[in-house]
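Worksheet: one structure, shown below.
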Amino acid sequence: AGLILREAPRNPSNWRSQSPLGAYLADNNTVGIGGIDTRALTILLREKGAQSGCILAEDELNSENALAKARAFPGLQGADLAADAGTASSYEWTLPRWHGPNKSPAIGDFKPESGQDFHIAVYDYGIKTNILRRLVDCGARVTVVPPRQPLNETLALGIDGVVLGNGPGDPGPCDYAIETARELIARGVPTLGVCLGHQVLALAAGATSHKMKFGHHGANHPVVEIATGQVMITSQNHGFAIDEASLPAGVIATHRSLFDGTLQGIEIVNKPIFTFQGHPEASPGPHDISSIFPRFIRAIKDHIGPHLNAGKNQ
550 AGLILREAPR NPSNWRSQSP LGAYLADNNT VGIGGIDTRA LTILLREKGA
600 QSGCILAEDE LNSENALAKA RAFPGLQGAD LAADAGTASS YEWTLPRWHG
650 PNKSPAIGDF KPESGQDFHI AVYDYGIKTN ILRRLVDCGA RVTVVPPRQP
700 LNETLALGID GVVLGNGPGD PGPCDYAIET ARELIARGVP TLGVCLGHQV
750 LALAAGATSH KMKFGHHGAN HPVVEIATGQ VMITSQNHGF AIDEASLPAG
800 VIATHRSLFD GTLQGIEIVN KPIFTFQGHP EASPGPHDIS SIFPRFIRAI
850 KDHIGPHLNA GKNQ
């Protein structure tokens with residue numbers, strides 16, 4: 550709804566830039582404001598939690614109007630933002646990661662076996678393209694599907710595994726996504742949940758969620774892998790969290806934030822279904838948790854078996 554900057558860049562300098570920031574915001578009907586002491590604003594948010602606010606043009610600027618507009622904001626809790634953020638129709642994604650001005654493919658973290666062709670469906674609640682690129686790096690065929698597409702229609706595409714992707718807002722109102730996750734759990738379909746997908750899977754399993762004071766945003770968030778004690782530096786961007794104490798039997802916590810102890814990952818016992826709250830696809834990084842993608846491919850392979858997959862592809 551709005552962008553707040555300490556200093557607005559006047560001239561584009563990146564080789565991929567297609568327009569100045571101001572023109573981009575105007576084209577997308579989004580307001581922005583510069584010259585703000587963002588460090589002071591950050592301290593305020595850290596101490597007081599997420600705030601309602603508004604950005605007003607000079608001709609309507611007065612304190613009473615500003616307060617009225619800010620107080621009228623209903624908040625994010627209970628708002629389903631994911632349905633509008635996803636694609637309206639299915640499409641295939643084929644591009645791997647790239648780097649440098651020549652856009653050459655990056656070296657994948659996982660080398661698929663000869664003839665291996667796993668087909669993965671990605672539910673788009675606002676998916677980041679680097680998740681799709683990472684899956685292609687792992688040798689997968691990737692089909693992106695709309696957020697409300699029934700699971701039966703998705704599985705009819707000949708799917709070997711499903712990714713429930715990231716997206717904005719409160720996971721609670723996303724009943725269509727939660728129902729899809731319930732069916733995935735019941736069927737034991739290999740499933741990876743990322744960010745919102747993590748929350749949706751946890752809710753489908755019977756857990757509860759809550760709005761965080763100010764959420765986790767940005768890079769360099771330390772997370773511990775509970776089973777090994779290994780600390781991973783991760784990228785995060787979420788304002789809701791799953792209550793670890795609400796996890797039912799058969800669902801185990803796998804990762805936990807070292808900032809505030811909030812839950813960062815779960816696994817469904819005896820099923821190839823697991824999640825991560827942060828962003829393992831982060832670009833340019835950190836990459837500590839990126840191994841979750843080849844782990845997901847291995848889970849698919851172990852679940853369906855190479856002979857079953859080969860027979861299906863014929």
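Mapped onto the working numbering, the consecutive letters of the sequence shown carry residue numbers 550 to 863.
Beta carbons: idealized from backbone N, C-alpha and C, even for Gly.
Quick caveat, the model's predicted, so the values are computed rather than measured.
Just to confirm the assignment: which complete alpha helix (DSSP H) runs, minimum length 4, are found wholly within the stretch 764-790?
none
Who are the Cβ neighbours of glycine 627 in its own chain at under 8 Å, not counting the five residues just before and after it?
Asp719, Gly721, Pro722
Assuming glutamate 816 is part of the beta strand (DSSP E), what are its boundary residues?
812-817
Distance, Cα to Cα, lysine 652 vs phenylalanine 622?
The pLDDT assigned to lysine 652 is 49, lower than 50, so where the model puts this residue is not dependable, and the model offers no usable value.
In angstroms with no decimal places, state the Cα-to-Cα distance between serine 562 and proline 569.
9 Å
Strand pairing of valine 864, partner residues [DSSP]
Here the chain has residues from 550 to 863 only, and residue 864 is not among them.
Could you tell me the distance, in whole angstroms, from the CA atom of glycine 764 to the CA atom of isoleucine 849?
32 Å
Quick one: Cα of isoleucine 553 to Cα of threonine 591, how far?
11 Å
Just to confirm, is the Cβ distance from proline 739 to valine 685 under 7 Å?
no
Are at least three pairs of beta-carbons, each pair with one atom in the stretch 780-798 and one in the stretch 822-839, less than 8 Å apart?
yes
Opposing strand residues paired with leucine 713 [DSSP bridges]:
Tyr672, Gly742
With H, G and I counted as helix, E and B as strand and the rest as coil, what does DSSP make of leucine 590?
helix
Separation of aspartate 673 from methionine 761, as counted between CA atoms
24 Å
DSSP state of glycine 657 mapped onto helix, strand, coil:
In this prediction, glycine 657 has a pLDDT of 44, which is less than 50 and means its spatial position is unreliable; what the coordinates show is noted afterwards. Note: glycine 657 maps to coil in three-state DSSP.
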